[in-house]
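Asker: Dropping the structure in here first, questions after.
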Amino acid sequence: MLCQITYRKLYKGASMITLKEIAQFAGVSTSTVSRALNNDLRISFSQRQRIHQIADEHHYTKHIVKAVPASAPCGFPLRNIGMIVPEINSGYYSRLVDTAAAYFAKYSYSILLRLSCFDLQTLLLHIVGFSHLEIDGLLIVIDDAEAITDEVYQAIEKTRLPVILITAQYQPHMDYDSIYVDEKRGIREGLEHLRDRGYRRIGFVGEKMTHGRLSAFRDILQELSLPLCEELVLINSSRAEECGYEGMKALLRANTHPDAVFAGYDQIAIGALKAIDEAGLRIPDDIAVIGFDNIVLSGYIHGGLTTIDPALEDMISIGVRILLNRINRELETVPQQIALKPELIIRRTT
15 MLCQITYRKL YKGASMITLK EIAQFAGVST STVSRALNND LRISFSQRQR IHQIADEHHY
75 TKHIVKAVPA SAPCGFPLRN IGMIVPEINS GYYSRLVDTA AAYFAKYSYS ILLRLSCFDL
135 QTLLLHIVGF SHLEIDGLLI VIDDAEAITD EVYQAIEKTR LPVILITAQY QPHMDYDSIY
195 VDEKRGIREG LEHLRDRGYR RIGFVGEKMT HGRLSAFRDI LQELSLPLCE ELVLINSSRA
255 EECGYEGMKA LLRANTHPDA VFAGYDQIAI GALKAIDEAG LRIPDDIAVI GFDNIVLSGY
315 IHGGLTTIDP ALEDMISIGV RILLNRINRE LETVPQQIAL KPELIIRRTT
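The following block contains the structure:
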């Protein structure tokens, strides 16, 4: 299905600009401009950034007229929400996107999805890019490994769009509606559960994107007067199941292995379970394993993985409601930052 694309000024009485004119400003072809404005990765980052900057300086926005499906009723609304997430490879983020799409669809909205790839410059580029698309609002998911800098706030402000953010933790200087899960509370419940089951040598397996959860893990071990054994903390260069598998094998090679392992997230835990099985050890008698995120597979692996549920369904339903209220001007209060309580899901691995 083809789209007709034109460009229009943001202020009244201004003349239209063409792709050719933007291309002349940038010194590139019209096809390059079109691709850059759609964040096509075939165009270099610096060139995309320059073309977006030119568009910003001249206050132009892209207007997309889409063909209406033949089955749609007269006056069928063409409404879009922009959404930025770090990735869709993990079980957590793929479920988050699916859930958001389903909730927005109830209100006749579709999602235009962009991936930040855990990179600040890519995140900024997508925020700016959405200002040139015809969307009603923006949902931005910021991972614990990403920082919400002044540049991010400035880029959001320039879009002039209703925005809601989903963050990994409380943000003391947040100027926009946001939702976060109290991950530290969830990790505390998990460690208290392990302590109450008699586990004392508790290790941690994670990767570079889980440093926030590792920091909480260290803090809470001390608060609970449990030993913090740095030799039982393994941060792997790989990710997901491979991270858990290789990390757990490394811990098992140590002179004294842990009697329980807290994994940075469920996919890491799944890899750790495989390594424990291969070593001929019993779960949870020899080693207990606990994850985080409560992905769908966690309920089926090894009789059920004990994990922390991040209240994803509540997160999305509340976020969608707040964003749509902002779009419809039904919410005129100051920005609110909402904390959600995670839930410990106890299964057979502990």
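Each residue of the sequence shown is one higher than the one before, starting from 15 at the first, in our numbering.
For glycine and all other residues, C-beta sits at the position ideal for the given N, C-alpha and C.
1. Would you mind listing the alpha helix (DSSP H) stretches within the stretch 196-233 that are 4+ residues and don't spill past its ends, in chain order?
2. If we count Cβ pairs, one from each stretch, closer than 8 Å, do we get three or more for the stretch 284-292 versus the stretch 313-327?
3. Excluding five sequence neighbours on each side, which residues of the same chain lie with their C-beta closer than 7 Å to the C-beta of I297?
4. Going by DSSP, what residues sit across from S124 in a beta bridge?
5. Have a look at I359, I68, D273 and flag the residue whose alpha-carbon is nearest the alpha-carbon of D299.
6. Using three-state DSSP, classify D323 as helix, strand or coil.
7. Is the separation between the beta-carbon of D191 and that of I336 shorter than 8 Å?
8. Could you tell me if G41 is buried or exposed, where buried requires 16 or more neighbouring beta carbons within 10 angstroms of its beta carbon?
9. Taking the CB atoms as reference points, tell me whether V166 and L137 lie closer together than 8 Å.
10. In angstroms, rounded to a whole number, what distance separates the CA positions of E256 and I141?
11. For the beta strand (DSSP E) that L153 lies in, which residues bound it at each end?
12. Express the C-alpha separation of R202 and V79 in angstroms, rounding to a whole number.
13. Quick check on the burial criterion: 16 or more other C-beta atoms within 10 angstroms. Buried or exposed for N342?
14. Count the CB pairs spanning the stretch 207-222 and the stretch 243-254 that are closer than 8 Å, and state whether there are at least three.
15. What three-state label does DSSP hand T46 in the structure shown?
16. Considering just the uninterrupted stretch of the alpha helix (DSSP H) at T173, what are its terminal residues?
17. Please report the straight-line C-alpha distance between V334 and R340, rounded to a whole angstrom.
Answerer: A quick look at the data gives this:
1. You should have 197-210.
2. With the cut-off at 8 Å, the stretch 284-292 and the stretch 313-327 touch.
3. Indexing the sequence shown from 1 puts residue 297 at position 283. Non-local C-beta neighbours of I297 in its own chain, meaning closer than 7 Å and more than five positions away in sequence, comprise L287, I290, V303, H316, T363, ordered along the chain.
4. To locate residue 124, count along the sequence shown from 1; it is residue 110. In the DSSP secondary-structure assignment, S124 is bridged to N94.
5. Looking up residue 299 in the sequence shown gives position 285. Here the closest residue by C-alpha is D273.
6. To locate residue 323, count along the sequence shown from 1; it is residue 309. Note: D323 maps to strand in three-state DSSP.
7. If you number the sequence shown from 1, residue 191 lands on position 177. If you number the sequence shown from 1, residue 336 lands on position 322. Cβ distance < 8 Å, so D191 and I336 count as in contact.
8. In the sequence shown, residue 41 corresponds to position 27, counting from 1. In summary, G41 is exposed, with fewer than 16 beta-carbon neighbours lying within 10 Å of its beta-carbon over all protein chains present.
9. Here residue 166 is taken as the residue at index 152 of the sequence shown, counted from 1. Here residue 137 is taken as the residue at index 123 of the sequence shown, counted from 1. The Cβ-Cβ distance between V166 and L137 falls below 8 Å.
10. Counting from one through the sequence shown, the residue named residue 256 turns up at place 242. Counting from one through the sequence shown, the residue named residue 141 turns up at place 127. C-alpha separation (whole angstroms): 32 Å.
11. Translated into positions along the sequence shown, residue 153 becomes position 139. First-last of the beta strand (DSSP E) with L153: 151-155.
12. In the sequence shown, the residue the question calls residue 79 occupies position 65. In the sequence shown, the residue the question calls residue 202 occupies position 188. No answer about V79 holds up, because its pLDDT of 38 lies below 50 and its placement is not dependable.
13. For the purposes of this step, residue 342 is taken as the residue at position 328 of the sequence shown. Flag for N342 reads exposed.
14. As far as the Cβ criterion goes, the stretch 207-222 touches the stretch 243-254, which means the pair count is three or higher.
15. Here the question's residue 46 lines up with position 32 in the sequence shown. For T46, the three-state secondary structure derived from DSSP is helix.
16. Residue 173 sits at position 159 when you count from the first residue of the sequence shown. Where T173 is concerned, the enclosing alpha helix (DSSP H) stretches over 164-173.
17. Position 320 of the sequence shown holds residue 334. Position 326 of the sequence shown holds residue 340. C-alpha separation (whole angstroms): 10 Å.
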